[in-house]
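Engineer: Following full-length UniProt numbering, the numbering of the sequence shown begins with 1 at its first residue and continues without gaps. For each residue, glycine too, the CB sits at the ideal point set by N, CA and C.
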Amino acid sequence: MSRVLIVGDLHCPAEHPGYLQFCRDLYYQWDCDQVVFIGDIVDHHAISFHATNPQCPGSEDEYKLALVSTQKWYKVFPQAKICLGNHDLRVLRLAESVKIPKRYIKDFSEVWKTPDWDWDYEFLIDNVIYFHGEGTSGIHPAWNAITKKMKSVVMGHCHSRSGVKHMTTRHERFFGMDTGCGICSDAWQFTYGKNNLVRPFISAGVVIDGHPYSEAMPCGIKEIYHRSNF
1 MSRVLIVGDL
11 HCPAEHPGYL
21 QFCRDLYYQW
31 DCDQVVFIGD
41 IVDHHAISFH
51 ATNPQCPGSE
61 DEYKLALVST
71 QKWYKVFPQA
81 KICLGNHDLR
91 VLRLAESVKI
101 PKRYIKDFSE
111 VWKTPDWDWD
121 YEFLIDNVIY
131 FHGEGTSGIH
141 PAWNAITKKM
151 KSVVMGHCHS
161 RSGVKHMTTR
171 HERFFGMDTG
181 CGICSDAWQF
191 TYGKNNLVRP
201 FISAGVVIDG
211 HPYSEAMPCG
221 IKEIYHRSNF
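#1: Classify residue 228: buried if its beta carbon has 16 or more other beta carbons within 10 angstroms, exposed otherwise.
#2: With DSSP run on the structure shown, which of helix, strand or coil describes residue 105?
#3: Can you round the beta-carbon distance between residue 35 and residue 11 to whole angstroms, since I take them to be within the 8 Å contact cut?
#4: DSSP puts residue 212 in a beta bridge; with which residues?
#5: Please report the distance separating the alpha-carbon of residue 108 from that of residue 157.
#6: Here's a check: name, in chain order, each residue in its chain whose Cβ is nearer than 6 Å to the Cβ of residue 225, leaving out the five neighbours to either side.
#7: In terms of residues, what are the limits of the beta strand (DSSP E) holding residue 125?
#8: Under 8 Å: do the region 91–107 and the region 26–34 share three or more Cβ pairs, one atom per stretch?
#9: Taking the C-alpha atoms as reference points, what is the distance between residue 37 and residue 86?
#10: Could you tell me the distance, in whole angstroms, from the CA atom of residue 142 to the CA atom of residue 176?
#11: Runs of 3 residues minimum, wholly inside the region 150–207: which ones carry the beta strand (DSSP E) assignment?
#12: Can you tell me whether residue 23 is helix, strand or coil according to DSSP?
#13: Helix or strand or just coil, what does DSSP make of residue 98?
#14: Secondary structure at residue 14, three-state DSSP: helix, strand or coil?
If you want it as structure tokens, here you go:
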């Protein structure tokens, strides 16, 4: 059985400045032996199909900034599984939109200089599915996912959702964990949501021998991981 740390959506270079330290601390506090990034490692704001913020850098500059951020995470967690998120896949989808086949695109490990990271759509560890969560929504997105997959699920994607919800059948017990995220909501990439009543929830997850634990990051004013401390 495994002791898995789950890192929420990062959207590099727009991650919260205290989130790396928080995740590193959790890794040692829980004595983890595996790391899963739940997806959207990078934001790719400049090549979005949606309207882009004029204050954000262009695609080349954004790549350079995101690479610096990604390398910080790679240095701390050199062995990890990466669930591909919808933002990670923006390059492939943009290429497909102009009829460029996948064979012409570099793989993610080469682009982000992470040779020992395993990038894939989903992973199965101790009969728990880890995937980004694209296509899910609602108040309890992960719970909605387990009703379709009929396995325990850990997912991200929905930034304002964090926590664990359980379901049982006559023969099995399942859990759904919404990981939350690790973004900096004040970054230009997220100005579209500045007036939303429900804010991003900064948190991570841990699954120990198949049992889930949701960990909120203490990042309010005067708390240890507040951005002013980094």
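Structural biologist: Looking at the atomic coordinates:
#1: The residue in question, residue 228, is exposed, as its Cβ has fewer than 16 Cβ neighbours within 10 Å.
#2: coil
#3: Wrong, their Cβ atoms sit about 18 Å apart, outside the cutoff.
#4: Beta-bridge analysis with DSSP links residue 212 to 207.
#5: 19 Å
#6: 18, 22, 217, 218, 219
#7: Taken as a continuous stretch (DSSP letters only), the beta strand (DSSP E) holding residue 125 covers 122–125.
#8: no
#9: 13 Å
#10: Distance between the alpha carbons of residue 142 and residue 176: 5 Å.
#11: 152–155, 162–168, 173–179
#12: helix
#13: In the structure shown, residue 98 sits in coil (DSSP, three-state: anything other than H, G, I, E or B).
#14: coil
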